[in-house]
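Engineer:
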Amino acid sequence: MPLFANADPNFVTAMLTKLRFEVFQPADYVVREGTVGKKMYFIQHGVVSIITKGSKETKLSDGSYFG
Numbered sequence: 131m132p133l134f135a136n137a138d139p140n141f142v143t144a145m146l147t148k149l150r151f152e153v154f155q156p157a158d159y160v161v162r163e164g165t166v167g168k169k170m171y172f173i174q175h176g177v178v179s180i181i182t183k184g185s186k187e188t189k190l191s192d193g194s195y196f197g
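Following this line, the structure appears as structure tokens:
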């Protein structure tokens, strides 16, 4: 993953131990605009639509991240 491409392997390993697997169904809201976030999401498989007020829809897919 490009985000961690130059990171120390020990750091990446420590991060991996903190990850929690979550599954979302089509039409589920992962987070709503304006909400204070405390999580970061990595898309392992599928497509996420990012919809903000007054903007076009943006799609993220496998390997993308947000949060």
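Take the sequence shown: its letter number 12 is residue 142 in the working numbering, and every next letter is one higher. Glycine is no exception: its CB is placed at the ideal position from the N, C-alpha and C atoms.
1. I'd like to check one pair, residue 178 with residue 160: are the Cβ atoms closer than 8 Å?
2. In the DSSP assignment, find the unbroken alpha helix (DSSP H) run with residue 146 in it and report its ends.
3. With a Cβ-Cβ cutoff of 8 Å, do residue 180 and residue 190 count as a contact?
4. Between residue 131 and residue 184, what straight-line distance do the alpha-carbon atoms span, to the nearest angstrom?
5. In whole angstroms, give me the CA-to-CA distance for residue 144 and residue 137.
Structural biologist: Reading it off the structure:
1. For the purposes of this step, residue 160 is identified with residue 30 of the sequence shown, where counting begins at 1. For the purposes of this step, residue 178 is identified with residue 48 of the sequence shown, where counting begins at 1. Yes, these two residues count as a Cβ contact at 8 Å.
2. Here residue 146 corresponds to residue number 16 of the sequence shown, with the count starting at 1. Its alpha helix (DSSP H) spans residues 139-146.
3. The residue labelled residue 180 in the question sits at position 50 within the sequence shown. The residue labelled residue 190 in the question sits at position 60 within the sequence shown. Going by C-beta atoms, residue 180 is nearer than 8 Å to residue 190.
4. Taking the sequence shown and counting its residues from 1, the one referred to as residue 131 is at position 1. Taking the sequence shown and counting its residues from 1, the one referred to as residue 184 is at position 54. Distance from the CA atom of residue 131 to the CA atom of residue 184, rounded to whole angstroms, is 30 Å.
5. On the sequence shown, position 14 is the one that residue 144 refers to. On the sequence shown, position 7 is the one that residue 137 refers to. Spanning the two alpha carbons is a distance of roughly 11 Å.
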